[in-house]
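In the working numbering, the protein residues as written are 31 to 449. Where is the CB? At the ideal position from N, CA and C, for every residue including glycine. Quick caveat: nothing in here was measured; it's all calculated off a predicted structure. Remarks on the structure that follows.
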Ligand SMILES: Cc1cc2nc3c(=O)[nH]c(=O)nc-3n(C[C@H](O)[C@H](O)[C@H](O)COP(=O)(O)OP(=O)(O)OC[C@H]3O[C@@H](n4cnc5c(N)ncnc54)[C@H](O)[C@@H]3O)c2cc1C
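Following this line, the structure appears as structure tokens:
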């Protein structure tokens, strides 16, 4: 079973029921859920996450985890570890279009076109939490460490995949092999598992990119996350957890790549001036730029989520425009659906790699993910232009949506994953 080129390097890994490639947020969540069911699980990742540094300012990569994701993380035993590190709840969510006076060009302060959602509408204490991606990942790794049927292999990349009647065999970059009844591809947007399983990909690059800027601010944490649309892309604010009494927030500035290039080249003082000029007045009093980074926006959807003995979850299966912060929330829904299917398989002693079983998972998740991707595209295209009649319609839409409680509750439940 060993790769002949590296045969002398190492022993093979023990056989396992399920091998998960990728110990990011989604792969680690699948691992915890499957180990809870009693499966033997092997998790492989090219790198272990950096240790938690409680004194350091929040990392640049953060996600708005919905209430539904929190419930899922509680179910698999990881949420308490997140809470023991840090996170920031948000109780409100607001969306409007940034408008300018037709005479002076100055930004209008009226927010008649604002739709604001509140946790009270759905009788919840909050809508979700903003959590650094590496905090969520570490919380899941701490949970994994408590599972005796789970082993992790860090610092190794997956190189080859062979599938036969009984097993899938993965070869790692040191020549070690591992034999599993099922391989879960949770290895992110550039998934090697997807490629090795010959699963095609539909992909489309958005015109806009996202620049993420972590800032420190003087005023206390806001409990609201908001997004102001402009024709070149939204401007968003997410509250972050305070560290040692210092308040932080995350700004997301969507714009065309040439404008993001210019913004990325600015020194901190000039970037701060640009933020003050362009961001709405709802911004708290900023103190300094902590870090900045840019992210291309690419919509990807695997043409299938499964083949014999292989299944894809999270970004390996789909990436979505992050404007409504849905990416990892969809990934956690994939994880929950796969765990549920494999729980049934275990109860009836079925082969976890059986294609008919994996197809049931795909039937649950693919349409739901497609629907959310379509909705994000609709938002993106509706707001990314200056066409006057469309502008009037979308602003009227935002105004009336704010005064339609039934519709607002329905939209909110969908956004926080409670549909
Ligand atoms: C700007 C921006 C903002 C976002 N905001 C939000 C938000 O607010 N809310 C939200 O829900 N989502 C958000 N997202 C999306 C979210 O970040 C992703 O959906 C999420 O990180 C995907 O997690 P994952 O575990 O599927 O993949 P990843 O995080 O990519 O993890 C993949 C893992 O696989 C490993 N790996 C890769 N290749 C190999 C290999 N060959 N062998 C072994 N290991 C391998 C990697 O090391 C990594 O650990 C945002 C995305 C962007 C770009």
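When you compare the CB positions of residue i and residue j, do they come within less than 8 Å of one another, or not?
| i | j | result |
| --- | --- | --- |
| residue 126 | residue 144 | yes |
| residue 396 | residue 444 | no |
| residue 245 | residue 200 | no |
| residue 341 | residue 233 | no |
| residue 267 | residue 313 | yes |
| residue 231 | residue 332 | yes |
| residue 453 | residue 239 | Residue 453 is absent from the structure shown; the chain starts at 31 and stops at 449. |
| residue 120 | residue 253 | yes |
| residue 93 | residue 358 | yes |
| residue 180 | residue 65 | yes |
| residue 111 | residue 173 | yes |
| residue 346 | residue 218 | yes |
| residue 270 | residue 49 | no |
| residue 287 | residue 353 | no |
| residue 61 | residue 184 | no |
| residue 130 | residue 138 | yes |
Taking 8 Å as the CB-CB limit, is residue i close to chain D?
| i | result |
| --- | --- |
| residue 339 | Among the chains of the structure shown, chain D does not appear; only one protein chain is present. |
Of all the options the options, which has the alpha carbon lying nearest to the alpha carbon of residue i?
| i | options | result |
| --- | --- | --- |
| residue 113 | 428, 89, 213, 159 | 159 |
| residue 123 | 322, 147, 179 | 147 |
| residue 82 | 258, 273, 363 | 273 |
| residue 348 | 401, 316, 246 | 401 |
| residue 186 | 394, 48, 351, 43 | 43 |
| residue 212 | 371, 278, 220 | 371 |
| residue 171 | 410, 75, 226, 236 | 75 |
| residue 248 | 279, 224, 266 | 279 |
| residue 155 | 190, 96, 196, 87 | 96 |
| residue 454 | 99, 108, 441 | The structure shown does not extend to residue 454, since the chain is modelled only from 31 to 449, so the question has no answer here. |
| residue 388 | 369, 117, 351 | 369 |
| residue 379 | 61, 41, 68, 60 | 68 |
| residue 116 | 103, 361, 137, 84 | 84 |
| residue 302 | 321, 288, 286, 207 | 321 |
| residue 409 | 190, 262, 206 | 262 |
| residue 207 | 215, 194, 188 | 188 |
| residue 276 | 204, 128, 224, 316 | 316 |
| residue 105 | 137, 365, 71 | 365 |
| residue 193 | 227, 428, 310, 86 | 227 |
| residue 52 | 88, 167, 41, 100 | 167 |
Quick check on DSSP: helix, strand or coil for residue i?
| i | result |
| --- | --- |
| residue 343 | coil |
| residue 335 | coil |
| residue 439 | helix |
| residue 206 | coil |
| residue 12 | In the structure as shown, the chain begins at 31 and stops at 449. Residue 12 is therefore absent and cannot be evaluated. |
| residue 112 | helix |
| residue 82 | coil |
| residue 39 | Model confidence at residue 39 stands at a pLDDT of 45, short of 50, so the residue's coordinates are unreliable and nothing is read from them. |
| residue 384 | coil |
| residue 362 | helix |
| residue 160 | strand |
| residue 351 | coil |
| residue 191 | strand |
| residue 173 | helix |
| residue 291 | helix |
| residue 140 | coil |
| residue 379 | coil |
| residue 390 | helix |
| residue 449 | coil |
| residue 250 | coil |
| residue 367 | helix |
| residue 309 | coil |
| residue 221 | coil |
| residue 322 | strand |
| residue 270 | strand |
| residue 63 | helix |
| residue 130 | strand |
| residue 410 | helix |
| residue 196 | coil |
For ligand 1, residues whose Cβ lies under 5 Å from any non-hydrogen atom: Result: 52, 54, 55, 56, 75, 76, 93, 94, 187, 188, 217, 218, 222, 240, 325, 344, 345, 352, 355, 357, 358, 359, 361.
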